[in-house]
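What the sequence shown shows, in this note's numbering, is residues 943 to 1039, in sequence order.
Yeah, the Cβ is synthetic: ideal placement off N, Cα and C, and Gly gets one too.
A quick note: this is a predicted structure, and the numbers were derived from the prediction, not measured.
Taking it in order: structure first as structure tokens, then the write-up.
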Amino acid sequence: MDDALGITSALAVILSGLALFVVVTLRRKNALEKDGFVQTQTADSALVSLAKSLFDAAPTEIHKKEDSSGPCWLAFLDTGNSEDSGCVMEVFPIKRL
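Rendered as structure tokens:
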């Protein structure tokens, strides 16, 4: 009986963790869409070059937003390290004088 209780408890913890992961992922996606960002399938070469020069990482996800002040990109970067979850970079173009 103790083995069944232990297995049931472990299964409950695993399923709770999985449910939490799904909720966090869906909330992040909803927050990005609510703010006006749309995921793009193709990466801009300038954005990839910027990410590689600053963080030595390639973007895994790129979201673009068209605003009255101009375009804006949100890039999720993967550093390739299992101990680091990566980072997020928001990019605005600057206007030259």
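How long is the line joining the alpha carbons of residue i and residue j, rounded to whole angstroms?
i	j	result
Leu1019	Pro1001	4 Å
Asn1015	Ala954	Contrary to the premise, residue 1015 reads as Trp rather than Asn in this sequence. About 39 Å.
Leu957	Lys971	21 Å
Ile949	Asp977	42 Å
Ser1011	Glu1032	15 Å
Ser995	Arg1038	21 Å
Ala993	Val964	27 Å
Phe997	Pro1035	18 Å
Val1030	Ala952	33 Å
Pro1013	Val966	27 Å
Ser991	Asp944	57 Å
Any idea which residues DSSP pairs residue i with across the strands?
i	result
Glu1003	Phe1018
Pro1013	Glu1008
Val955	According to DSSP, Val955 bridges with nothing at all.
Thr982	Ile1004
Val1033	Trp1015
Would a C-beta distance cut-off of 8 Å place residue i and residue j closer than the cut-off?
i	j	result
Leu989	Ala1017	yes
Ala999	Gly1028	yes
Quick one: does the C-beta of residue i sit closer than 7 Å to a heavy atom of the ligand SAH?
i	result
Arg970	Ligands are entirely absent from the displayed structure, and the ligand SAH is therefore not among its contents.
With burial defined as no fewer than 16 other Cβ atoms inside 10 Å of the residue's Cβ, what is the status of residue i: buried or exposed?
i	result
Ala946	exposed
Ala973	exposed
(request) Decide if the stretch 980-987 is in contact with the stretch 1003-1010; the criterion is three or more beta carbon pairs, one per stretch, under 8 Å apart. (result) yes
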